[in-house]
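Inspection log for the structure reproduced underneath, given as structure tokens.
Numbering (mature numbering (1 follows the signal peptide of the UniProt record, and there is no 0)), first residue to last: -32 to -1, 1 to 151.
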């Protein structure tokens, strides 16, 4: 009887540790966001007189490693090219880093720094269908305490997304407390 009780306690501890591990993995993946490039207009030549439409859109968001960009466009009329800075400035479509033609392209931002995108149709690029996305560096791994205070980040993808992420993290913390401490 004593062996059965001891085995039950050990099994309970193993399940709690496993539950905590799963919870932590889940919380890490919840933080990634998919951004629809250009909002409801998608990836297209703008009839707007504003020449920097996509760059202004990109500046209103904070992109982090793990996020992704969703380019929605007509695959019969357009493409998305990832290019370097020089090709971005010249709308050079000859030697892209990556080419996307499916009309519903999801591009994962897997490193910090600037990422350059242009339309694969040179005339569209010349009409400012191009964008620079700056991905923030992950300071948590390199510099745990920033040297100067930073302002709070703007909403990453609207209030509803922030609420959902916050809600899931709080529920995760409660579940983690229960798993660890039996509360």
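The C-beta atom is built at its ideal place from N, Cα and C for all residues, glycine as well. Keep in mind it's a predicted model, so treat the numbers as computed, not measured.
Residue 65 beta carbon less than 8 Å from that of residue 50: yes
Cβ neighbour criterion (16 or more within 10 Å) applied to residue 168: Here the chain has residues from -32 to 151 only, and residue 168 is not among them.
Supposed contact pair residue 55 and residue 63 - C-beta distance, whole angstroms, cut 8 Å: 7 Å
Counterpart residues of residue 50 in DSSP-defined beta bridges: 66 and 85
Span of the beta strand (DSSP E) around residue 90: Note, residue 90: premise wrong, no beta strand (DSSP E); alpha helix (DSSP H) at 90 to 94.
Same chain, Cβ closer than 7 Å to residue 33, neighbours up to 5 away in sequence not counted: 77, 78, 79, 80, 103 and 106
Chain D contact for residue 62 (CB, 8 Å cutoff): Among the chains in the structure shown there is no chain D, since it carries only a single protein chain.
Alpha carbon of residue -9 to alpha carbon of residue 91, nearest angstrom: Caution applies to residue -9, whose pLDDT of 49 falls short of 50 and renders its modelled position unreliable; the value that the coordinates give is listed next. Each residue's alpha carbon lies about 47 Å from the other.
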